[in-house]
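Chemist:
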Amino acid sequence: MSGPTYRDVARELGVSTATVSRALAGEIGVSEELAERVRRTAEALGYRSNRAARALRKKRAEAIGLVISDVENPFFASLARTVEGVAAERRHAVLLCNTDEDLDQERLYLDLLIEENVAGVIVAPSAEEIGPLAQLRQQGIPTITLDRRVEDDPFDAVLVDHRAGARELVAHLLEHGHRSIAAVMGTTAATPSRERLAGCREAIDAVGGAQLSVVEGEMRDAVGVQGTFELGERLAMEMLTGDDRPSAVFCANGLLSLGVLRAVRRLGLRVPDDIAVVGFDDQPFFDLLDPPLSVAAQPLDQLGRTAVELLFERIAHPDRDVSSVVLPPELRLRRSCGCSGT
1 MSGPTYRDVA RELGVSTATV SRALAGEIGV SEELAERVRR TAEALGYRSN
51 RAARALRKKR AEAIGLVISD VENPFFASLA RTVEGVAAER RHAVLLCNTD
101 EDLDQERLYL DLLIEENVAG VIVAPSAEEI GPLAQLRQQG IPTITLDRRV
151 EDDPFDAVLV DHRAGARELV AHLLEHGHRS IAAVMGTTAA TPSRERLAGC
201 REAIDAVGGA QLSVVEGEMR DAVGVQGTFE LGERLAMEML TGDDRPSAVF
251 CANGLLSLGV LRAVRRLGLR VPDDIAVVGF DDQPFFDLLD PPLSVAAQPL
301 DQLGRTAVEL LFERIAHPDR DVSSVVLPPE LRLRRSCGCS GT
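The letter at position 299 of the sequence shown is residue 299 when you use full-length UniProt numbering, and the numbering goes up by one with no holes.
1. Assuming residue 280 is part of the beta strand (DSSP E), what are its boundary residues?
2. Between residue 246 and residue 182, which are expected to be in contact by the criterion C-beta below 8 Å, what is the C-beta distance as a whole number of angstroms?
3. Any chance you could list the alpha helix (DSSP H) runs of at least 4 consecutive residues sitting entirely within the segment 131-196, in chain order?
4. For residue 107, which residues in the same chain have their Cβ closer than 6 Å to its Cβ, ignoring the five residues on either side in sequence?
5. My guess is that residue 278 and residue 295 are in contact by the Cβ rule of under 8 Å, so how many angstroms apart are they, rounded?
6. When you compare each of 317, 319, 168 and 312 to residue 63 by their alpha carbons, which one comes out closest?
7. Would you mind reading off the limits of the beta strand (DSSP E) that contains residue 95?
8. Can you say whether residue 291 is buried or exposed, counting buried as having 16 or more other CB atoms within 10 angstroms of its CB?
9. List the residues that DSSP assigns as beta-bridge partners of residue 339.
10. Run through the segment 235-262 for me and flag every whole beta strand (DSSP E) of 3 or more residues, listed as ranges in chain order.
11. Just mark residue 92 as buried or exposed, buried being the case when its beta carbon has 16 or more other beta carbons within 10 Å.
12. Suppose only complete runs of 3+ residues qualify. What are the beta strand (DSSP E) ranges in the segment 290-342, listed by chain order?
13. Find out if the Cβ-Cβ distance for the pair residue 174, residue 198 is shorter than 9 Å.
14. Count the other CB atoms, across all protein chains shown, that sit within 10 Å of the CB of residue 284; report buried if there are 16 or more and exposed otherwise.
15. On the three-pair Cβ rule with 8 Å, is the segment 140-157 touching the segment 204-218?
16. If you run the structure through DSSP and keep just helix, strand and coil, what is residue 215?
17. Please return the same chain residues whose Cβ sits closer than 8 Å to the Cβ of residue 177, not counting the five positions on each side in sequence.
18. How many whole angstroms separate the CB atoms of residue 314 and residue 46, which I take to be in contact at a CB cut-off of 8 Å?
19. Taking the alpha-carbon of residue 44 as reference, which of 8, 232, 261 and 32 has the nearest alpha-carbon?
20. Return the Cβ separation of residue 310 and residue 158 in integer angstroms, given the expectation that the two are a contact with Cβ distance under 8 Å.
21. For residue 162, tell me which candidate among 76, 187 and 191 has the shortest Cα-Cα distance.
22. By the three-class DSSP mapping on this structure, what secondary structure does residue 203 have?
23. To the nearest angstrom, how far is it from the Cα of residue 184 to the Cα of residue 268?
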């Protein structure tokens with residue numbers, strides 16, 4: 001029995017088959033609102049494009065897809081390298097896809113991975129809604145979500161305990177006697193950022209007399225490596241030149257940390273004498289900064305390796321229950337928080 005066709009999608013929406021064809025192909029002449037309705041209806045009906053149908057006739061490729069948001073981001077670059085190495089141990093290639101947090105781009109890449117009939121997909125989702133990922137489930141492609149969950153947890157996931165890492169880092173600042181702490185978040189649109197902010201608040205709430213000020217920008221300002229760095233610098237300049245300057249700053253990721261440190265230097269302030277700075281995420285050069293930066297480090301090697309291993313478990317046992325692995329971050333205390341270590 002054949003599956004749903006263009007005609008079925010068109011009948012459901014009360015539009016022509018030509019409109020459905022143009023909408024699914026991304027051609028001009030169809031409004032974005034209608035195109036989105038067509039895509040959602042096609043996904044709901046389980047419509048399979050010719051591309052996906054061809055994939056069913058192809059032998060399963062000895063390759064996996066890795067879909068990430070920004071290959072320039074050191075976090076994702078390190079993660080991709082680990083995934084590639086572990087996949088190579090299993091004699092599988094990795095097809096790397098960069099979405100720039102764009103759902104349409106994500107949808108395009110997933111469609112291409114379906115056409116290539118990859119063995120499975122590891123994806124850092126661009127949104128918490130299942131959205132384009134629904135087609136992976138419909139096609140029965142083993143899928144692991146990385147760093148972020150999607151609604152209803154329909155896929156295996158490998159995550160980091162962002163809340164615990166932020167809580168421990170801010171608690172350490174409190175142990176140094178800081179009671180006025182700022183959290184430079186960039187944006188809290190993504191789950192990891194919200195979890196980190198929640199961890200900051202939990203640490204503050206546990207100590208009497210402590211205050212947390214949240215400094216946040218717009219998602220459109222945090223695009224790419226340079227955009228995130230500049231956002232951190234701008235937010236820090238506004239915060240540090242205000243009337244109530246905090247005595248310590250928590251930075252939600254490594255790129256924001258660099259932007260904050262640049263602002264501190266521009267203002268002639270000293271770390272940690274004038275202001276303590278800590279950040280989430282580590283980079284190989286963070287211990288070479290002056291002073292070296294204290295961080296909550298995500299276990300990147302373990303994150304990437306676990307994702308690949310979990311994917312191949314799913315490939316071997318497609319009917320097993322969905323599972324999640326949550327990894328703890330590691331506190332690396334250096335001199336930027338006031339410690340006398342490296």
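Idealized CB from N, CA, C, for every residue including glycine.
Modeler: On the basis of the data shown:
1. Translated into positions along the sequence shown, residue 280 becomes position 280. Where residue 280 is concerned, the enclosing beta strand (DSSP E) stretches over 276-280.
2. As a working mapping, residue 246 is identified with position 246 in the sequence shown. As a working mapping, residue 182 is identified with position 182 in the sequence shown. Going by Cβ atoms, the distance from residue 246 to residue 182 rounds to 4 Å, so yes, they are a contact pair.
3. 134-138 and 162-175
4. By 1-based counting over the sequence shown, the position of residue 107 is 107. Excluding sequence neighbours, residue 107 sits near 132.
5. For the purposes of this step, residue 278 is taken as residue 278 along the sequence shown, with counting starting at 1. For the purposes of this step, residue 295 is taken as residue 295 along the sequence shown, with counting starting at 1. Yes, they are in contact, since the Cβ atoms of residue 278 and residue 295 sit about 7 Å apart, within 8 Å.
6. Counted from its first residue, the sequence shown places residue 63 at position 63. Considering only alpha carbons, the answer is 312.
7. Walking along the sequence shown from the start, residue 95 turns up at place 95. It spans 93-98 - the beta strand (DSSP E) in which residue 95 sits, taken as one unbroken run.
8. If you number the sequence shown from 1, residue 291 lands on position 291. Buried, because 16 or more other Cβ atoms sit within 10 Å of the Cβ of residue 291.
9. Start at 1 with the first residue of the sequence shown, and residue 339 comes out as number 339. DSSP, once it has assigned bridges, lists no residue as partnering residue 339.
10. 248-251
11. The residue labelled residue 92 in the question sits at position 92 within the sequence shown. When all chains shown are included, residue 92 counts as buried.
12. 294-297, 324-327 and 330-332
13. As a first step, residue 174 is located in the sequence shown; it is residue number 174 there, counting from the start. As a first step, residue 198 is located in the sequence shown; it is residue number 198 there, counting from the start. No Cβ-Cβ contact shorter than 9 Å links residue 174 with residue 198.
14. Reading the sequence shown from its first residue, position 284 is the one you call residue 284. Result: exposed.
15. No, the segment 140-157 is not in contact with the segment 204-218.
16. Locating residue 215 in the sequence shown gives position 215, where the first residue counts as 1. Looking at residue 215 - three-state DSSP - the assignment turns out to be strand.
17. Position 177 of the sequence shown, counted from the start, is the residue given in the question as residue 177. Closer than 8 Å at the Cβ level, and outside the excluded window around residue 177, lies no residue.
18. For the purposes of this step, residue 314 is taken as the residue at position 314 of the sequence shown. For the purposes of this step, residue 46 is taken as the residue at position 46 of the sequence shown. For residue 314 against residue 46, the beta-carbon gap comes to about 21 Å, at or over 8 Å, which does not count as contact.
19. For the purposes of this step, residue 44 is taken as the residue at position 44 of the sequence shown. The residue with the shortest Cα to Cα distance from residue 44 is 8.
20. Here residue 310 refers to the residue found at position 310 when the sequence shown is read from its first residue. Here residue 158 refers to the residue found at position 158 when the sequence shown is read from its first residue. Between residue 158 and residue 310 the Cβ distance is about 6 Å, and since that is below 8 Å, they are a contact.
21. One-based indexing of the sequence shown puts residue 162 at position 162. Taking only the C-alpha atoms, the option nearest residue 162 is 191.
22. What you label residue 203 is simply residue 203 of the sequence shown in a count that begins at 1. If DSSP states are grouped into helix, strand and coil, residue 203 belongs with the helices.
23. Taking the sequence shown and counting its residues from 1, the one referred to as residue 184 is at position 184. Taking the sequence shown and counting its residues from 1, the one referred to as residue 268 is at position 268. Straight-line Cα distance between these residues: approximately 19 Å.
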